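Peer 1: Please read through the structure below; I'll follow up with questions.
In this note's numbering, the protein residues as written are -15 to 522.
The following block contains the structure:
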């Protein structure tokens, strides 16, 4: 093997022909040492906080031990995810791309080279984030490896707490982190693409993840390596957000949800978002003036859930929900712009593409507004969204497809036409023409959904294909509170304009009005339909 000074002892269960095939596929070839070092550093700096499935100190001890190197399957998988963020030129023209390392990792997996099931699951988790094009969603990509990893982890009992009792502390902690990482992947993928869940919490008895599970223990020398506190807290909070994805989105997208209890489920999600926000550690709260990568990724996820919850309810959503969704969509863009200004957007995980898409859908739903200043603000925010997608496309090529599509949906000519119509409506209202209000009160008619992007995403596709009912913007019944001196006025239009202008750089403390009344209504409707109802937060 070129680069690292390590030697491989091939397993006995593979014959010489299989080893020869792997050699021809360059499955054992790795880059020069300085490139390997850079890729490993990228992995533990930018990727491991979101996918904490590898013990850093245990891996590095073997990484620097030629006589006992790390698993080649795991090593190639680490190189695969890290190479996406590696931008330097390689002198010997070696290909340092995710596609190259993906082929090597998959060849090793298909050959059954690795026999340790935990290492195989680790590799599957990493292969599950490979996403270069539309085919990678289903064909040996996101869904395939994530679902396969869950199945193998369940076969090893990682979802059952009783299987942990005989293990050492370090093995227990590693397995718990692997299992909860699979849980987050399952929820995030289901929420983004409208797919069914594969992990049923009722079947799992594994203990919740704790901050102590991120402490790495050297069993041989009885030495503990404390983890980065921010990374541990980030992942614990991310798990909580993934649970809210399940409550508010995944169940709504599944066949178990009905129209009768949809409002109730959305209200439960809103309550959960409020409770999460209230309990989130101060050091993880995102502020543009106190930015850090972990809090940015965490709150981008939070605000995208707010947007998706609104989109699932539109056009029946309340004015308060609409206001909070516009604020959330604008904040997602602000977070990405801050990441870009700090040169950190290039290291962002792929789900930021989904966040950008949800933000786009939320803002686009406001393009039927009759207030010219609001349309100007929407246009500015959508332009910023497209700029960030363009930057993400340098790292994630799949973003290029979405960028080209979105550009056709918000072209300047369309905005000029909408602006002219809005100005004309304002003139009619100023002259006291009551026909405007009468025409705007016409009943909503939902057109046939056109699946134009992410073919299996029911949330985003339906939202982009929907011409939502125009909601009056004269008043709002509740102030959208935050921790800055600024607050909403009674004029809803002024509220939305201030949000879109980016003047509110803080988090909401309340999202919807009378949530528990909605839940009670949902209970009544569900019980009348003869279906069981269960509230997680009551």
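The beta-carbon is built from N, C-alpha and C at its ideal position, and this holds for glycine as well. Every value quoted in this text rests on a predicted model; they were computed, and no experiment measured them.
(1) Considering only the beta carbon of each residue, do residue 224 and residue 197 sit closer than 7 Å?
(2) Any heavy atom of the ligand ZN closer than 6 Å to the Cβ of residue 101?
(3) Tell me whether the beta-carbon of residue 37 lies closer than 7 Å to the beta-carbon of residue 106.
(4) What are the residues that DSSP puts in a beta bridge with residue 170?
(5) DSSP state of residue 80, grouped into three classes?
(6) What whole-angstrom Cβ distance do residue 93 and residue 57 have, given they're in contact under 8 Å?
(7) Starting from residue 304 and walking both ways along the alpha helix (DSSP H), at which residues does that stretch end?
(8) Closest by CA to residue 175, which one among 339, 315, 358?
(9) Which one of 4, 59, 41 has the shortest CA to CA distance from residue 15?
(10) Using three-state DSSP, classify residue 328 as helix, strand or coil.
(11) I'd like to check one pair, residue 347 with residue 365: are the Cβ atoms closer than 7 Å?
(12) Should residue 392 be labelled buried (16 or more other beta-carbon atoms within 10 Å of its own) or exposed?
(13) Near residue 334, which residues of its chain fall below 7 Å by C-beta distance, leaving aside the five closest residues on each side in sequence?
(14) Short check: CB of residue 91 to CB of residue 9, under 7 Å?
(15) Grouping DSSP H, G and I as helix and E and B as strand, with all else coil, what is residue 191?
(16) Flag this pair as yes or no: are the beta carbons of residue 342 and residue 297 separated by less than 7 Å?
(17) Taking buried to mean at least 16 other C-beta atoms within 10 Å of its own C-beta, is residue 484 buried or exposed?
(18) Please classify residue 222 as buried or exposed, where buried requires at least 16 neighbouring CB atoms within 10 angstroms.
(19) Could you tell me the distance, in whole angstroms, from the CA atom of residue 186 to the CA atom of residue 31?
(20) Residue 166 and residue 199: beta carbons closer than 7 Å?
(21) Where does the unbroken alpha helix (DSSP H) through residue 382 begin, and where does it stop?
(22) From 177, 117, 248, pick the residue whose C-alpha is nearest to that of residue 301; which is it?
(23) Going along the chain, which residues of its own chain have a beta-carbon closer than 8 Å to the beta-carbon of residue 136, five neighbours each way excluded?
(24) For residue 126, I'd like the list of residues in its chain whose CB is within less than 7 Å of its CB, leaving aside the five on either flank, ordered along the chain.
(25) Assuming residue 79 and residue 23 make a contact with CB atoms under 8 Å, what is their CB distance in whole Å?
(26) Keeping to the same chain, check which residues put their C-beta closer than 8 Å to that of residue 40; ignore five residues upstream and five downstream.
(27) Does residue 4 come out as helix, strand or coil in the three-state DSSP assignment?
Peer 2: So, from the listed chains and residues:
(1) Walking along the chain shown from the start, residue 224 turns up at place 240. Walking along the chain shown from the start, residue 197 turns up at place 213. No, the pair does not count as a contact, with Cβ atoms beyond the cut-off.
(2) The model on display carries no ligand, and the ligand ZN is accordingly not part of it.
(3) Counting from one through the chain shown, the residue named residue 37 turns up at place 53. Counting from one through the chain shown, the residue named residue 106 turns up at place 122. Cβ atoms of residue 37 and residue 106: closer than 7 Å.
(4) As a working note, residue 170 is residue 186 in the chain shown. Residue pairing by DSSP places residue 170 in no beta bridge whatsoever.
(5) Within the chain shown, numbered from 1, the residue matching residue 80 stands at position 96. It is coil, neither helix nor strand.
(6) Translated into the one-based positions of the chain shown, residue 93 becomes position 109. Translated into the one-based positions of the chain shown, residue 57 becomes position 73. Right, their Cβ atoms sit about 7 Å apart.
(7) Locating residue 304 in the chain shown gives position 320, counting from the first residue. Looking at the DSSP string, the run of the alpha helix (DSSP H) that includes residue 304 is 303 to 325.
(8) Position 191 of the chain shown holds residue 175. Across the set 339, 315, 358, the C-alpha of 339 shows the shortest separation from the C-alpha of residue 175.
(9) As a position in the chain shown, residue 15 is number 31, starting the count at 1. Residue 59 is the option with its Cα nearest to residue 15.
(10) The count along the chain shown starts at 1 and reaches residue 328 at position 344. Correct three-state label for residue 328: coil.
(11) Translated into the one-based positions of the chain shown, residue 365 becomes position 381. Translated into the one-based positions of the chain shown, residue 347 becomes position 363. Cβ distance < 7 Å, so residue 365 and residue 347 count as in contact.
(12) Residue numbering aside, residue 392 sits at position 408 when the chain shown is read from its first letter. Per the 10 Å Cβ criterion, exposed.
(13) Along the chain shown, one-based indexing puts residue 334 at 350. By the criterion of a C-beta distance shorter than 7 Å, residue 334 is surrounded in its chain by 113, 115, 380, once the five residues flanking it on both sides are discounted.
(14) Along the chain shown, read from residue 1 onward, the residue named residue 91 stands at position 107. Along the chain shown, read from residue 1 onward, the residue named residue 9 stands at position 25. Between residue 91 and residue 9, the C-beta spacing is below 7 Å.
(15) Residue 191 sits at position 207 when you count from the first residue of the chain shown. Three-state result, residue 191: coil.
(16) As a working note, residue 342 is residue 358 in the chain shown. As a working note, residue 297 is residue 313 in the chain shown. Result no, Cβ atoms of residue 342 and residue 297 do not sit closer than 7 Å.
(17) Within the chain shown, the letter at position 500 stands for residue 484. Low per-residue confidence applies at residue 484: pLDDT is 41, beneath 50, and the placement is therefore not dependable, though the value from the model is reported in the following sentence. Answer is buried; the Cβ neighbour count reaches 16.
(18) Along the chain shown, read from residue 1 onward, the residue named residue 222 stands at position 238. When all chains shown are included, residue 222 counts as buried.
(19) For this step, residue 186 is matched to residue 202 along the chain shown. For this step, residue 31 is matched to residue 47 along the chain shown. Cα to Cα, the separation comes out at about 29 Å.
(20) Translated into the one-based positions of the chain shown, residue 166 becomes position 182. Translated into the one-based positions of the chain shown, residue 199 becomes position 215. Going by C-beta atoms, residue 166 is not nearer than 7 Å to residue 199.
(21) Locating residue 382 in the chain shown gives position 398, counting from the first residue. Looking at the DSSP string, the run of the alpha helix (DSSP H) that includes residue 382 is 382 to 393.
(22) Indexing the chain shown from 1 puts residue 301 at position 317. Comparing Cα-Cα distances from residue 301 to each of 177, 117, 248, the minimum goes to 248.
(23) Residue 136 sits at position 152 when you count from the first residue of the chain shown. Here the set comprises 101, 104, 105, 108.
(24) In the chain shown, the residue the question calls residue 126 occupies position 142. Excluding the 5 residues flanking it on each side, residue 126 has same chain C-beta neighbours closer than 7 Å at 112, 115, 120, 173, in chain order.
(25) Within the chain shown, numbered from 1, the residue matching residue 79 stands at position 95. Within the chain shown, numbered from 1, the residue matching residue 23 stands at position 39. Between residue 79 and residue 23 the beta-carbon gap is near 13 Å, outside 8 Å, which marks them as no contact.
(26) Counted from its first residue, the chain shown places residue 40 at position 56. Once the five neighbours on either side are set aside, the close Cβ partners of residue 40 are 28, 32, 200, 209.
(27) As a first step, residue 4 is located in the chain shown; it is residue number 20 there, counting from the start. DSSP places residue 4 in helix when its eight states are reduced to three.
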